[in-house]
Amino acid sequence: AQQKKTIALVTNVAADFWTIAGRGLEKAQKEHPDYNIELIVTNDGTAAGQRRELDDLLVRGVAGISISVDDASHATEVLNKVAAKTVLITTDSDAPQSKRLAYIGTDNVAAGRQAGEEIKKALPNGGKIALFVGTMDADNARERVQGIKEAIAGTKVELVDVFTDQVDSAKAKANMENVLVKYPDIALLSGLWSYETPLIYDAVKAAGKAGKVKIVGFDEDQRTLRGVSDGTIESTVVQQPYEFGYLSATNIIKTLNGDKSWIPEGGKLIVPTKVISKSNVADFTANLKDLLKK
Amino acid sequence: MAEILFELAGISKSYPGVIALDDVSLRVSRGEVLGLIGENGAGKSTLMRVLGGVVAPSEGVIRIGGQEHARMTVTEATKAGIAFVHQELNLFENLDVAANVFIGREPLVGGPLKLVDNAQMRARVSPLLARLGADFTPDTLVDDLSIAERQMVEIAKALSIDARVIIMDEPTSSLTISETERLLEVIADLKAHGIAVIYISHRLGEIMTCADRVVVLRDGRTVGELARHELSHAAMIRLMIGRDLKALYTPPKRPSQPGGCDIAGLVTSAFPDRQIDLSVRHGEILGLAGLVGAGRTSLARAAFGIDPLLGGEIRIDNAAVGVASPRDAIRQGIYLVPEDRKKSGLVLELPIRENVTLASLLNYARMWLVSGVDERKVAKEQVRRLAIKAPSIDMEAVTLSGGNQQKVVLGKWLSMQPRVMFFDEPTRGVDVGAKSEIYALMRELAEQGVAIVMISSDMEEVIGVSDRVAVMHEGSVSGVLERPQFSEYNVLRLAMGQALETVEAAAP
Amino acid sequence: MIKKELGLGLLLVVISAITGAINPAFLSLVNLLNMANLIGLFGVFALGEGLVIITGGIDLSLGSMFALLGVVFVDLLTTYQVPWPIALLAVLLGGLTLGGIQGFLITRLKMQPFIVTLCGLLIYRGAARYYTTDSTRGFGYGDEAGALSDIASGNVAGVPNSFILLIILALILGVLLHRSVYGRWLYAVGKNEEAARFSGISTNIVIATAYIISGGLAGVSTVLFVFYTNSVSPSSFGNFYELYAIAAAVLGGCSLRGGEGSILGIVLGTALLQVLQNLVNILGIPNSLNFAVMGTVILIGVLADHQLQARRRRKLALAGLARTAPRSTLVQGQQGASPRGADALPVRTGDQA
Amino acid sequence: MIKKELGLGLLLVVISAITGAINPAFLSLVNLLNMANLIGLFGVFALGEGLVIITGGIDLSLGSMFALLGVVFVDLLTTYQVPWPIALLAVLLGGLTLGGIQGFLITRLKMQPFIVTLCGLLIYRGAARYYTTDSTRGFGYGDEAGALSDIASGNVAGVPNSFILLIILALILGVLLHRSVYGRWLYAVGKNEEAARFSGISTNIVIATAYIISGGLAGVSTVLFVFYTNSVSPSSFGNFYELYAIAAAVLGGCSLRGGEGSILGIVLGTALLQVLQNLVNILGIPNSLNFAVMGTVILIGVLADHQLQARRRRKLALAGLARTAPRSTLVQGQQGASPRGADALPVRTGDQA
Ligand SMILES: Nc1ncnc2c1ncn2[C@@H]1O[C@H](COP(=O)(O)OP(=O)(O)OP(=O)(O)O)[C@@H](O)[C@H]1O
Ligand SMILES: Nc1ncnc2c1ncn2[C@@H]1O[C@H](COP(=O)(O)OP(=O)(O)OP(=O)(O)O)[C@@H](O)[C@H]1O
Ligand SMILES: [Mg+2]
Ligand SMILES: [Mg+2]
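Chains as they are written, first to last, in my numbering: chain A, 1 to 294; chain B, 295 to 802; chain C, 803 to 1155; chain D, 1156 to 1508.
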């Protein structure tokens, strides 16, 4: 195994999202048995933790790294060091100032705009909305909020606040309960990170406001999809982590073989986000189940 | 009259709930040994703490070297030549002997770096240790020393200060005869060099030996002063407690009953290669004497199930009893009044009531729920029976004087049915009044058929209270003395591991 | 003692009144019930932490225990389709076992509670993450938990079951701690372990039991939390919750030195912390200040308690001045009774050399 | 004492050798230098934590302090364009001040270190998040930090400056702790504060100084970490790092009961933890087990230490027997007339039952 070239995908935190990406890696692995493809989950979700992973991967002599950059644009110097020794691409979360070869992933501002459009659709007459996110110092959180704000600008949709929960589910749910109490006239809640939408779903149902308070979510948690199919959740904007994984691995291999033609102009290979609503939820769910089956 | 070193004038000090000192004045002159005596809680230690700069008096002034202070700090006191051997050991087990001796006033080298001059410290400590007859070196970790050895370190600390006055607050409470004598010699030597000593002790014999003058405190006031020629046990006791005491030894009313507790071939972890054989009969008080570290406490701890038995067995009335834990021991009626009552005897922050019932709580509980009524009844009974001086049974034990604390420990056991009781230094730091009450109580218990082992380092007590005396030396019993053989000399010989020469002839 | 709890209760009422005045939504039934639910959730394991703290120990492993027990619990129900009573039993036993192991290490091997439970914190979380390969466990579709879900997250006449459970547990533990022999021993052990041992108390068992109870309550809490969030993410579930529990216990009057604290205090401490967090949201204070508010209140609370105790002590000192007077007379009276004249020799043991 | 450090060093060598044998990359220069860098980063504040632990206290606030000082530091450099020496000074002063406040609360107001620093943990993190409104601070483009960046993250002949700094600081603190009078007092205070006070040591100042030093070192660490990651995310920067520091100090022989520990031990403890983490990565062990490995090693390390100490004490007891012999003779010598040797049979008086 030591002789095989190793390719690694380094995550920013431990989350299910990356489990799906791992499936994409597995597919790539099947196609390229002569490589050793690994998923590296960063431990403590801190920038220092990620930097340590990178250093250790370099020591192990990996050939290519795809990374979801924690603390985005600021890790330039480290990334450049890595880029000098390996094929480096970013995925999910970019570092545009660095010398990474390309970015494969979502355009989070666009995803935010997509969600914003869904919100406008759900609230044709406007109303108050609240957003929930783990921490606001993550770039994808900021970008999604920005996208939503852009989309609802100039309409009667009013954003009351963004609530953070430090990735603590119980805290998140308490936040949601509090918002439902504090703003009796709240019209829509939106969870920006994957664990939040199902919690909104629970909280709204428990408050007896299902249907009255609309929900637009992100990502494809099982219960989110269930909410979409039973109509409690209007729609959810999903990324395609499977593609992140698969494309990361295969494109790194291509590059290692001297083929850089896959890199688009501007260096960003955007994997578009999709809106899942009642109309297409069944297909999507079936598809996902397939994907997650080992 | 000799030059006066310092003077305390009109000193008062109050603590929550007590006035520890009330308008006390004291003077000490050069080269004088002043005995300071009084009951527990009379305020001796507090007065000395004021002088040593450890506590600030509420009122009064300290005159020293022509200056008046409303209060002093430890550093000032030290500078003024006052050294202090504290009643409670104030040592740092993680440091070596030399570091302990010089703590807070280390000789420095390296200028602004303020480095400790270890070499100098050791060089200065060695002779002090030699003078005290200690056999450990200055770089021994205090953690590795026995209690007695630690007390010698405390004394060495006081000697190391170029002091004009040395306060010794019960310096001998953990020392036995030989070390005590050594200390008294040292005091005489200090005196000869013009250094004054304030000597606090509950052992009146020591006071008689060394004091030039005795000041007696009671309830925070000076109640009298005795010059050297006026000194007698009777005079001191009368001033201390305001009345006279009965004789120390009361012989048993009936001869001790057959049966009792036999300890056979017992091996403790302190002396894994020695065996202990000892018997004590129902109804007798067996004194257990020996030098510090002879293994008496270890024996009591092992018999009470605190430390594991490495061998041998304990029989009561010829039936072997298992004591794997204190609980077992208590079930068998074997109780221990421990050496260190504050650490092992009492939960200081709990009320008297809870302390008294701590060991027998299940007896006052139904379905594990405590019955407050029963509990209070028992606690009140013990307080009455033992004449514990406290306003209520809900007072925290920490507020009591030493003697009364010891009585609470006794109350804990007497509320149950003892068969064999170990008293480990039952009167250490206890004043004469309370002492005699405790002796009476032991006798009363013996009359009821309890077998009593009294471990004591106080020779007067051993000889005065026991029906027989067993002596331990380095982990085993080196001899047992019957009353006719009792003498300090005999006890001491056995304690040092020597044979009783001409046993028959020596008996008076 | 009781004064401390009274003060805490009063503080709670005052804070609630002020917040309610600013925003009446705070006192709305829904919000009160929401809070009751959270108080129930966080109170249950705070009780266990409180017991441990009373022994003079600390349990840092609770949050990680939740994660480990949580993923196992959900897995049992979903992947292995185990009937819920068995899964519930397994989690409770799991909690008791982990608590027992910690208790064993602390009492038998004489390790420090801080270290043992810190290692627990690291190990349990690691185990949870390894076991799930870092993926969230949740109830996807089905009703795998069935009745248990309704019990754990349901309510009786609107009052959340978690809160009712807390009250029941608090009553039981209240009797245990404040009325039973075990409780008495626990305080004694916390104040002075050695003296307790010398009184025939099996201190090791008493202490270990506290850790076992704490573990068991952690098991109960795990189930409650699982049904509150309906999923368990092994890397974040329960993160830092031990700090909430410690904070609640300390606010409620438990001293980390051991031997102090009460069940009522712990419950009130938990309530205060939850009210504070709710208040931050309801009053629209920036979310980021949540922790800061909590920290400040704990600091001020403990500080105030210190000051009050110091004042009490000072008062006692003054009272003492008044009291010693009669004592002196008493002693004098007694002394008066003893005939001065009798110069009876205090007898030295006559028969010695 | 020294034995403990020797054991730790040996363990480090053995682990490294085994890992190196499995994967030679572990012993490659690059990897060693990487590790050296991390040991430097984590060692600096572990030293401070160690001092605090020696006083018998604990500092739980370090990680949050990093976040607060970090965002201020980056902001000073980028937003306010302050010259780096001033920014550096500000951060150091900030650390010293926070440490000073904690020291004040602990010594003057007699609050428990655990509570004070727990509140610090909550408050500093909250302040950092509020100050930045939860946004990450970083050096976007420019060379705002200039020379400082090169100093903090550079190296001399390949050896990372952070490591060099650690060695220098360790030497200074080593002299302070093991040679100077302050160190002597620190040990004394940690073992028995009251006795230290009776000995004329200003215990409050000694203890507060430890917290101040710890705060100052936290300031230094902040700067190092900022340049290691080039950005500060207020909600996660330094999260849990206090636990690393505590773990390192405890592994290195500091006792949470106070009065024990050494600078060398703390450095070795840090090194061991970092080596373990590196090893997990290098050997391709699932990352989730990282914490579990750490926890297990700490547990085993402390346990082994306990066993060794128990053995040492048993040995000492035996040696004590040997020691009492000369003592007896000495006493006898003093007593004068003793004709028989110490080993003469102790005579039983025969007349007992
Ligand atoms: N720090 C303190 N806080 C409260 N009360 C105290 C304190 N120190 C001493 N006291 C009280 O002051 C009184 C005098 O105590 P002190 O220790 O001076 O007596 P003593 O004569 O030395 O007794 P002993 O012979 O037992 O050592 C006692 O009632 C004691 O309980
Ligand atoms: N558990 C133990 N393990 C090892 N050594 C011990 C243990 N307990 C006591 N020792 C040592 O054994 C010796 C005997 O101590 P012990 O306390 O039994 O003597 P003692 O005669 O009661 O002395 P003292 O007058 O100080 O109470 C001492 O040197 C002590 O340090
Ligand atoms: Mg005294
Ligand atoms: Mg003894």
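Virtual Cβ for every residue (Gly too), placed ideally from N, Cα, C.
Residue-level contact to chain B via CB, residue i, 8 Å cutoff
| i | result |
| --- | --- |
| V983 of chain C | yes |
| R1263 of chain D | no |
| K1346 of chain D | yes |
| R1466 of chain D | no |
is_contact[residue i, chain A] using C-beta, thresh 8 Å
| i | result |
| --- | --- |
| Y989 of chain C | no |
Reference residue i; option with closest CA among the options
| i | options | result |
| --- | --- | --- |
| I557 of chain B | B:I356, B:G616, B:G488 and B:R512 | B:G616 |
| L786 of chain B | B:S760, B:L603, B:S751 and B:R762 | B:S751 |
| L975 of chain C | C:I856, C:T919 and C:I917 | C:I856 |
| T76 of chain A | A:R51, A:G61, A:P241 and A:D92 | A:R51 |
| A1094 of chain C | D:Y1279, D:L1161 and D:S1335 | D:Y1279 |
| S1376 of chain D | D:L1161, D:F1228, D:S1183 and D:G1407 | D:F1228 |
| P566 of chain B | B:A588, B:G605 and B:R590 | B:G605 |
| W18 of chain A | C:F916, C:F1039 and C:S937 | C:S937 |
| I424 of chain B | B:D761, B:A450 and B:D390 | The sequence given here places Ala at residue 424 of chain B; Ile does not occur at that position. Minimum Cα distance to A424 of chain B is reached at B:A450. |
| K637 of chain B | C:G1086, C:K805, C:E995 and C:F941 | C:E995 |
| I1270 of chain D | C:L849, C:G901 and C:A1049 | C:A1049 |
Cβ of residue i within 8 Å of any chain D Cβ
| i | result |
| --- | --- |
| V1156 of chain C | Nothing about residue 1156 of chain C can be read from this structure; chain C reaches only from 803 to 1155. |
| N698 of chain B | no |
| L809 of chain B | Lying outside 295 to 802, the shown extent of chain B, residue 809 of chain B is not represented and no answer is given. |
Min CB distance residue i to chain C below 8 Å
| i | result |
| --- | --- |
| P712 of chain B | no |
| P310 of chain B | yes |
| T19 of chain A | yes |
| L54 of chain A | no |
| L57 of chain A | no |
Anything in the stretch 1196-1224 of chain D with a Cβ closer than 7 Å to a Cβ of chain C? List those residues in chain order, please. none
Residues of the stretch 921-941 of chain C with a CB closer than 7 Å to any CB of chain A: list them in chain order, please. Listed in sequence order: R931, D936, S937, T938 and G940.
Could you please tell me which residues of the stretch 639-661 of chain B, in chain order, have their CB closer than 8 Å to any CB of chain C? If the cut-off is 8 Å between Cβ atoms, the stretch 639-661 of chain B has G639, L640, V641, L642, E643, L644, E648, L652, A653, L655, L656 and A659 near chain C.
Of all the beta strand (DSSP E) runs that stay within the bounds of the stretch 543-606 of chain B, which reach a length of 3 or more residues? 554-561, 570-575 and 579-584
Take every Cβ of the stretch 328-340 of chain B, pair it with every Cβ of the stretch 468-475 of chain B, and state whether three or more of those distances are shorter than 8 Å. By the Cβ rule, the stretch 328-340 of chain B does not count as touching the stretch 468-475 of chain B, because fewer than three pairs are nearer than 8 Å.
What residues in the stretch 1439-1450 of chain D have a beta carbon less than 9 Å from any beta carbon of chain C? Cβ proximity to chain C below 9 Å picks out P1441, N1442, S1443, L1444, N1445, F1446, A1447, V1448, M1449 and G1450 from the stretch 1439-1450 of chain D.
What ranges does the alpha helix (DSSP H) occupy inside the stretch 720-768 of chain B, keeping only unbroken runs of at least 4 residues that lie completely in it? Correct list: 726-741 and 753-759.
Is it the case that the stretch 628-639 of chain B contacts the stretch 593-604 of chain B, given that we only count it when at least three CB pairs across the two stretches are under 8 Å? Short answer: they touch.
Report the residue ranges of all beta strand (DSSP E) runs contained in full by the stretch 915-981 of chain C; include only those spanning at least 3 residues, in chain order. none
Are at least three pairs of beta-carbons, each pair with one atom in the stretch 553-568 of chain B and one in the stretch 723-734 of chain B, less than 8 Å apart? no
With a floor of 4 residues, list each alpha helix (DSSP H) that falls wholly inside the stretch 449-527 of chain B, ordered by position along the chain. 471-486 and 498-504
What residues in the stretch 1053-1082 of chain C bring their beta carbon closer than 8 Å to a beta carbon of chain A? Q1079 and N1080
What residues in the stretch 1350-1363 of chain D have a beta carbon less than 8 Å from any beta carbon of chain B? Interface annotation for the stretch 1350-1363 of chain D against chain B: A1350, A1351, R1352, F1353, S1354, G1355 and I1356, criterion Cβ-Cβ distance under 8 Å.
Please confirm if the stretch 959-975 of chain C is in contact with the stretch 831-847 of chain C, defined as three or more CB-CB distances below 8 Å between the two stretches. yes
Complete runs of the alpha helix (DSSP H) confined to the stretch 618-671 of chain B [at least 4 residues]: 620-625 and 646-651
According to a CB-to-CB cut-off of less than 9 Å, which residues of the stretch 596-626 of chain B neighbour chain C? Cβ contacts with chain C: F598, G599, I600, S619, P620, R621, D622, A623, I624 and R625.
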